[in-house]
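Novice: Oh and the sequence shown: position 65 is 65 in this note's numbering, straight run, nothing missing. Idealized CB from N, CA, C, for every residue including glycine. The model shown is predicted, which means the values in this text are computed figures rather than measured ones. One structure follows; several queries about it will come next.
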Amino acid sequence: MPPPTALLPGRSAAPRPPPPPPPPPQLASAARLSRRPLFNAATAVVVRSRSKDEASFTDRILDYIEGGPKLRRWYGAPDLLPKDGSAEDEEDEPSDIEEPRDAVLVTNGDSEIGQMVILSLILKRARIKALVKDRRSTEEAFGTYVECMVGNMEDKSFTKKALRGVRAIICPADDGFFSDLDLKGVQHIVLLSQLSVYRGSGGLQAIMNSKLRKLAERDEEVVLASGIPSTIIRTGSMQSTPGGDRGFDFTEGAAAKGRMSKEDAATICVEALDSIPQTTLIFEVANGDEKVTDWKAWFAERTKTATS
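In structure tokens form, the structure reads like this:
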């Protein structure tokens, strides 16, 4: 009997399967927004689940990297957009159609910190709507995982469309977004504010920050007056530095003097979604030495302290 590896007479070697396709550019662009790689093949041993019903966390991460159809089915997104990056049918849906309120609206979606918030929401499998100025670049970065909204928030018809189906809003910048908005139906607002930084500045810097300070104060006033459960996060001076390396400082006055990684600020915004306060939770934060391993427990304790 010939050895197992020998070819039988008249038989030819079976063709090797083609290599897997590279990840689509929109997911690759999104992954580059995070400093850490989602998966390191050089340092990990991977065992893929054999059954579709036994999909492991590693399977899902690999599917995210590969960007294959399985990820889109798992996430619930439709097929990829056409090559021109636009939807085939962009006709507005009738405004009287009720949508389930399960979406998170991100303002300033094409800013650096806005994109960090969006990526964190994608990894949490959230339904995302984003207010952006450049639809094409956002769709190239995130594909169909984000519903891009381009328009003027002073236009009531556009505002109604943008807020349709929205359960929560994350506002990662001081831009006066909440002025004169009908927020009926919104269940939670997360506002990232640098008001403490603006109030603590002096001299020429105070003059330069005067407009931003007014916008930040206006946003906080509208949010507080809305009666909607809200989380206002007053951060230190925002820095484009890697997140996850340092801890946090939540003491009073920390925001006016300290600095804050944009990545860490985006993480806190997204984690705050799972903890809706009874009224309004306001706290200061800058990078420091306190480590937080369980944000859900941290927010629960902070909310309990604020209401007692």
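Give the DSSP bridge partners of Leu281, in chain order.
Specialist: Thr231, per the DSSP bridge assignment.
Novice: State yes or no: is the C-beta of Ile228 within less than 7 Å of the C-beta of Val190?
Specialist: Not in contact: Ile228 and Val190 (Cβ atoms no closer than 7 Å).
Novice: Suppose the cutoff is 7 Å on Cβ atoms and the five residues either side in sequence are ignored; what does the same chain contact list for Thr267 look like?
Specialist: Same-chain partners within the cutoff: Ser120, Gly243.
Novice: Could you check if Gly202 is buried or exposed, using at least 16 other CB atoms within 10 Å of its CB as the buried criterion?
Specialist: Burial call: exposed.
Novice: Where do the ends of the beta strand (DSSP E) carrying Val106 lie?
Specialist: From DSSP, the beta strand (DSSP E) with Val106 extends over 103-106.
Novice: Given Tyr198, which residues of its chain have a CB within under 7 Å of its CB, disregarding the five upstream and five downstream residues?
Specialist: Within the same chain, Tyr198 has close Cβ partners Asn209, Leu212, Arg213, Ala216.
Novice: Could you spell out where the beta strand (DSSP E) holding Leu131 opens and where it closes?
Specialist: Note, Leu131: beta strand (DSSP E), 127-131.
Novice: In whole angstroms, what is the alpha-carbon distance linking Val132 and Asp110?
Specialist: Approximately 5 Å, taken between the alpha carbons.
Novice: Is Glu139 helix, strand or coil by DSSP?
Specialist: Here Glu139 sits in helix by DSSP.
Novice: Can you look up Ala306 in the DSSP assignment and give me helix, strand or coil?
Specialist: Correct three-state label for Ala306: helix.
Novice: Let's test the definition: count the other Cβ atoms within 10 Å of the Cβ of Ile207 and tell me whether it reaches 16, buried, or not, exposed.
Specialist: It counts as exposed.
Novice: Please determine whether the Cβ atom of Glu221 lies at a distance below 6 Å from any heavy atom of the ligand ATP.
Specialist: You won't find the ligand ATP in this model; it holds no ligand whatsoever.
Novice: Give a yes or no on whether the C-beta atoms belonging to Gly247 and Gly200 are separated by under 7 Å.
Specialist: Cβ atoms of Gly247 and Gly200: not closer than 7 Å.
Novice: Over the uninterrupted beta strand (DSSP E) stretch that includes Met149, give me the two end residues.
Specialist: Here the beta strand (DSSP E) through Met149 covers 146-149.
Novice: DSSP on Arg167, reduced to helix/strand/coil?
Specialist: In this structure, Arg167 counts as strand in the three-state DSSP scheme.
Novice: Are Val166 and Leu105 close, meaning C-beta to C-beta below 7 Å?
Specialist: Yes, they are a contact pair.
Novice: For Asn108, count neighbouring C-beta atoms within 10 Å of its own C-beta (all shown protein chains included) and say buried if the count is 16 or more, exposed if not.
Specialist: Per the 10 Å Cβ criterion, buried.
Novice: Along the chain, where does the beta strand (DSSP E) that runs through Val270 open and close?
Specialist: Element bounds for Val270: not the beta strand (DSSP E) but the alpha helix (DSSP H), 262-272.
Novice: For Leu163, tell me which candidate among Ile113, Asp174, Asp182 has the shortest Cα-Cα distance.
Specialist: That would be Asp182, whose Cα lies nearest to the Cα of Leu163.
Novice: Sort Phe250, Lys262, Ala255 by Cα distance to Phe299 and report the nearest one.
Specialist: The shortest C-alpha separation from Phe299 is found at Phe250.
Novice: Where Val150 and Cys171 are concerned, what is the direct C-alpha to C-alpha distance, given to the nearest angstrom?
Specialist: Approximately 16 Å between the Cα atoms of the pair.
Novice: Just to confirm, are Val117 and Cys269 a CB contact at a threshold of 7 Å?
Specialist: Taking 7 Å as the Cβ cut-off, Val117 and Cys269 qualify as a contacting pair.
Novice: In or out: Arg125 buried (at least 16 other Cβ within 10 Å) or exposed?
Specialist: That one is exposed.
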